[in-house]
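Asks: The following block contains the structure, expressed as structure tokens.
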Amino acid sequence: MISFECLFERVHWVSRSIFWGMQVSSNAESWDYTNYHSDELLFPQIRRMLKVWNFMRPFFASRGYELYCNTHSNPFELFPVSKPGLATVQETYPYGRRMYENDDDAIFYFVSPRVWGARDIQGRDVVIKLVSDTTTPSQELKVLQYLNSEPVRSDPRNHTIFVVDFLNINGLIFAVMPRWDAAFNAEFDTVEEIMQCAETFFEAFEFLHEHRILHGDFSCQNSGYNACVNFMKDSELRQVRNPSETRYAIYDFGASIMFPKEISLEDAVDPECPRIGWRHRGFDIPTEPYNPFQYDMLSLGIALQRHVRVGNTFAPSAMLI
Numbered sequence: 004m005i006s007f008e009c010l011f012e013r014v015h016w017v018s019r020s021i022f023w024g025m026q027v028s029s030n031a032e033s034w035d036y037t038n039y040h041s042d043e044l045l046f047p048q049i050r051r052m053l054k055v056w057n058f059m060r061p062f063f064a065s066r067g068y069e070l071y072c073n074t075h076s077n078p079f080e081l082f083p084v085s086k087p088g089l090a091t092v093q094e095t096y097p098y099g100r101r102m103y104e105n106d107d108d109a110i111f112y113f114v115s116p117r118v119w120g121a122r123d124i125q126g127r128d129v130v131i132k133l134v135s136d137t138t139t140p141s142q143e144l145k146v147l148q149y150l151n152s153e154p155v156r157s158d159p160r161n162h163t164i165f166v167v168d169f170l171n172i173n174g175l176i177f178a179v180m181p182r183w184d185a186a187f188n189a190e191f192d193t194v195e196e197i198m199q200c201a202e203t204f205f206e207a208f209e210f211l212h213e214h215r216i217l218h219g220d221f222s223c224q225n226s227g228y229n230a231c232v233n234f235m236k237d238s239e240l241r242q243v244r245n246p247s248e249t250r251y252a253i254y255d256f257g258a259s260i261m262f263p264k265e266i267s268l269e270d271a272v273d274p275e276c277p278r279i280g281w282r283h284r285g286f287d288i289p290t291e292p293y294n295p296f297q298y299d300m301l302s303l304g305i306a307l308q309r310h311v312r313v314g315n316t317f318a319p320s321a322m323l324i
């Protein structure tokens with residue numbers, strides 16, 4: 004039996020589609036950009052996805068999430084919707100510590116067509132990401148569901164982003180996660196802070212690979228710490244990495260794969276593994292099958308080499324990597 008709420012939402016969806024003059028596909032892959040190498044073709048896709056998110060605003064609101072707003076002056080800059088009383092909400096783990104001065108300072112940049120900022124009914128900052136559709140559950144959805152199930156979620160080595168909610172809207176599955184901004188942009192102030200960061204990510208990948216989960220696209224932009232900041236000012240931040248308060252996490256499992264538990268980490272070779280990211284990391288794209296778990300560790304090593312060796316600035320004898 005179809006509930007009244009479901010019927011009302013369906014009618015709302017259809018009428019809104021007519022009013023807005025657009026159709027939002029229930030196929031998750033249709034949300035991805037397909038013309039990265041042509042600005043002329045890419046920009047119309049970007050404009051459409053900005054419109055799609057705003058089209059869906061009331062459907063998220065009915066589930067307790069107020070999408071950030073963008074402005075005509077710069078549609079890529081997203082801001083929380085200011086409401087009385089929400090700015091004083093005390094954030095507790097797993098939600099990010101609020102380190103921006105006010106709502107106008109809480110800029111979240113629109114980069115991925117699948118990701119948008121929001122606040123929940125308690126005024127906590129979250130990120131909403133399209134991870135699948137209901138027709139064909141994606142690897143990303145399966146991985147996130149597994150990592151957020153017990154006892155996996157409670158394992159202290161599980162340094163992956165929490166999923167606080169899964170939303171099904173018109174056949175599209177969205178994951179709601181605490182907003183944790185970029186892990187490596189803010190300055191490190193002590194060697195202890197550097198060591199905590201590096202050790203956390205090593206432990207995170209040890210945990211993922213123990214569970215035979217390949218991330219497949221680890222980079223600085225796919226890692227975060229429990230802080231909400233203005234992305235244009237985060238490189239200026241100091242004294243924000245106190246180890247007693249700071250947590251780190253891996254996110255964006257869009258390229259992830261769950262392998263059979265019995266597979267050997269040393270001998271794993273999968274000819275179907277994605278070839279994304281090799282050139283971005285300064286390497287030629289391999290022409291032969293490779294060990295995907297070693298690729299994860301290569302990606303981690305590159306990220307730490309670029310950002311964690313800054314410890315040599317104030318501890319020259321500490322060769323961390």
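Every position in the sequence shown, counted from 1, becomes a number in the working numbering once 3 is added. All residues carry an ideal CB built from backbone N, CA and C; glycine is no exception.
Below 8 angstroms on the Cβ atoms is my contact criterion, and I expect residue 211 with residue 295 to pass it. Report the Cβ-Cβ distance as a whole number of Å.
Replies: Actually they do not touch by this definition, with Cβ atoms about 11 angstroms apart.
Asks: Classify residue 10: buried if its beta carbon has 16 or more other beta carbons within 10 angstroms, exposed otherwise.
Replies: Classification for residue 10: exposed.
Asks: Answer yes if the region 149-160 comes into contact with the region 193-200, meaning at least three C-beta pairs across the two stretches below 8 angstroms, and no otherwise.
Replies: Judged by Cβ distances under 8 angstroms, the region 193-200 makes no contact with the region 149-160, as fewer than three pairs qualify.
Asks: Alpha carbon to alpha carbon, what distance is there between residue 147 and residue 302?
Replies: About 20 angstroms.
Asks: Taking the runs of the beta strand (DSSP E) that are 3 residues or longer, which of them lie wholly in the region 44-103?
Replies: As far as the region 44-103 is concerned, its whole beta strand (DSSP E) runs of at least 3 residues are 68-70, 80-82.
Asks: Let me check understanding here. Comparing Cα to Cα, which of 182, 37, 53, 253 lies closest to residue 163?
Replies: Nearest C-alpha to residue 163: 253.
Asks: For the beta strand (DSSP E) that residue 295 lies in, which residues bound it at each end?
Replies: Premise fails: residue 295 lies in the alpha helix (DSSP H), 295-310, not in any beta strand (DSSP E).
Asks: Terminal residues of the continuous beta strand (DSSP E) containing residue 129?
Replies: Residues 128-136.
Asks: Near residue 85, what residues of its chain come up, given a Cβ to Cβ distance below 6 angstroms and the 5 sequence neighbours on each side ignored?
Replies: Around residue 85: 106.
Asks: Let me know the secondary structure DSSP gives residue 319 once reduced to three states.
Replies: For residue 319, the predicted model reports a pLDDT of 49, less than 50, meaning its position is unreliable; a value from the coordinates is still stated below. Residue state, collapsed to three classes: coil.
Asks: Grab me the residues of residue 170's own chain with a C-beta within less than 6 angstroms of its C-beta, minus the 5 sequence neighbours each way, in chain order.
Replies: Closer than 6 angstroms at the Cβ level, and outside the excluded window around residue 170, lie 66, 177.
Asks: Exposed or buried, residue 183, counting other C-beta atoms within 10 Å across all chains shown (16 or more means buried)?
Replies: The residue is buried, with at least 16 neighbouring Cβ atoms inside 10 Å.
Asks: Where does residue 251 fall in DSSP's three states?
Replies: Residue state, collapsed to three classes: strand.
Asks: For the alpha helix (DSSP H) that contains residue 197, what are its first and last residues?
Replies: 194-213 is the span of the alpha helix (DSSP H), which, as asked, contains residue 197.
Asks: What I want to know is whether the C-beta of residue 265 ends up closer than 6 angstroms to one or more non-hydrogen atoms of the ligand NAD.
Replies: In the structure on display, the ligand NAD does not appear, and there are no ligands present to speak of.
Asks: Less than 7 angstroms separating the beta-carbons of residue 290 and residue 251?
Replies: The answer is no: Cβ separation not under 7 angstroms.
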